[in-house]
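> Position 146, counted from 1, in the sequence shown is what the working numbering calls 440; the numbers after and before it change by one each time, with no gaps.
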Amino acid sequence: MIPLRVTSGCIGCGQCVMQCPTRCLMIRNGKRVYVSSENCSLCGHCFAICPVGAIDIFNMTADQCQVDIKNLQNIDTIIKYRRSIRKYNPEPLQREVLEQLVDFTKYAPSACNFRPLRFLCLSRHCMDEVGAMIAREMSGQFPKLPQQQDQLDIVFRGAPHCIVIYVESNHTHTGMDDAITVVGPRNAFLNQEEE
Numbered sequence: 295m296i297p298l299r300v301t302s303g304c305i306g307c308g309q310c311v312m313q314c315p316t317r318c319l320m321i322r323n324g325k326r327v328y329v330s331s332e333n334c335s336l337c338g339h340c341f342a343i344c345p346v347g348a349i350d351i352f353n354m355t356a357d358q359c360q361v362d363i364k365n366l367q368n369i370d371t372i373i374k375y376r377r378s379i380r381k382y383n384p385e386p387l388q389r390e391v392l393e394q395l396v397d398f399t400k401y402a403p404s405a406c407n408f409r410p411l412r413f414l415c416l417s418r419h420c421m422d423e424v425g426a427m428i429a430r431e432m433s434g435q436f437p438k439l440p441q442q443q444d445q446l447d448i449v450f451r452g453a454p455h456c457i458v459i460y461v462e463s464n465h466t467h468t469g470m471d472d473a474i475t476v477v478g479p480r481n482a483f484l485n486q487e488e489e
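#1: Could you spell out where the alpha helix (DSSP H) holding C310 opens and where it closes?
#2: Nearest CA to the CA of C314: which residue from A356, S330, K400?
#3: Which full runs of the beta strand (DSSP E) of 3+ residues lie inside the region 311–348, going along the chain?
#4: Which residues in the same chain have their Cβ closer than 6 Å to the Cβ of L301, if we skip the five residues on either side of it in sequence?
#5: Between which two residues does the beta strand (DSSP E) carrying L416 extend?
#6: For C420, which beta-bridge partners are listed by DSSP?
#7: Can you find the residues in the same chain that come closer than 6 Å, C-beta to C-beta, to N485, ignoring five residues on each side of it along the sequence?
#8: Determine which residues share a DSSP beta bridge with V300 and list them.
#9: Could you tell me the distance, in whole angstroms, from the CA atom of P386 to the CA atom of T399?
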């Protein structure tokens, strides 16, 4: 069973039917939309366009997705002041927070909504080893990097975690899916700068 449900609040306007790329939605008796097939790609277009919030997807209602953006100035400010993080709060995040961050990625588009991305959360100990390996590999270009990495953690900047995003080697849309996912939520929790 697909995680898409049309609730009794449906007014039968048909906007979701027109937007559905897989044509799995239909209007029954000219009154209410229903899911007519298992071909749903879970793209979320119907969920986003429904004027009355009568579609639930992934057990989430429209009320749970209300975004409070007062004006474009807020977005403009957020974009203008976004910067690279060079000093993270070293305090490890709770597992639930990391899981929530990974959960956000389900809203990122992926080819046909196959959601092929896999996530590997590295511990600080593992990051120390990986950082040293990266520094050694790049020492041809940057001869001082291994020594700097030992002293300053140039690679991970003291972050308590690193989430590696990957796909299985047989997936055909690797580059695009990785890029889309990383651009979206990558700074959500991990960019908590030390005050």
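Positions of the beta carbon are idealized from the N, C-alpha and C atoms, including for glycine.
In short, the structure shows the following:
#1: Indexing the sequence shown from 1 puts residue 310 at position 16. That run of the alpha helix (DSSP H) goes 309–313.
#2: The residue labelled residue 314 in the question sits at position 20 within the sequence shown. The residue with the shortest Cα to Cα distance from C314 is S330.
#3: 319–322, 326–329
#4: In the sequence shown, counting from the first residue as 1, residue 301 sits at position 7. In the sequence under discussion, the amino acid at residue 301 is Thr, which differs from the Leu named in the question. Cβ within range, chain order: A348.
#5: Position 122 of the sequence shown, counted from the start, is the residue given in the question as residue 416. Secondary structure note for L416: its beta strand (DSSP E) is the uninterrupted segment 412–416.
#6: In the sequence shown, residue 420 corresponds to position 126, counting from 1. Checking the DSSP bridge columns, you'll see C420 has no partner listed.
#7: Taking the sequence shown and counting its residues from 1, the one referred to as residue 485 is at position 191. Note that N485 scores a pLDDT of 43, beneath 50, so its modelled location is shaky; the value from the coordinates is reported in the next line. The residues I379, in chain order, have a CB closer than 6 Å to that of N485 in the same chain once the five nearest residues on each side in sequence are set aside.
#8: Residue numbering aside, residue 300 sits at position 6 when the sequence shown is read from its first letter. DSSP output for V300 lists I349 as bridge partner(s).
#9: As a first step, residue 386 is located in the sequence shown; it is residue number 92 there, counting from the start. As a first step, residue 399 is located in the sequence shown; it is residue number 105 there, counting from the start. Approximately 21 Å between the Cα atoms of the pair.
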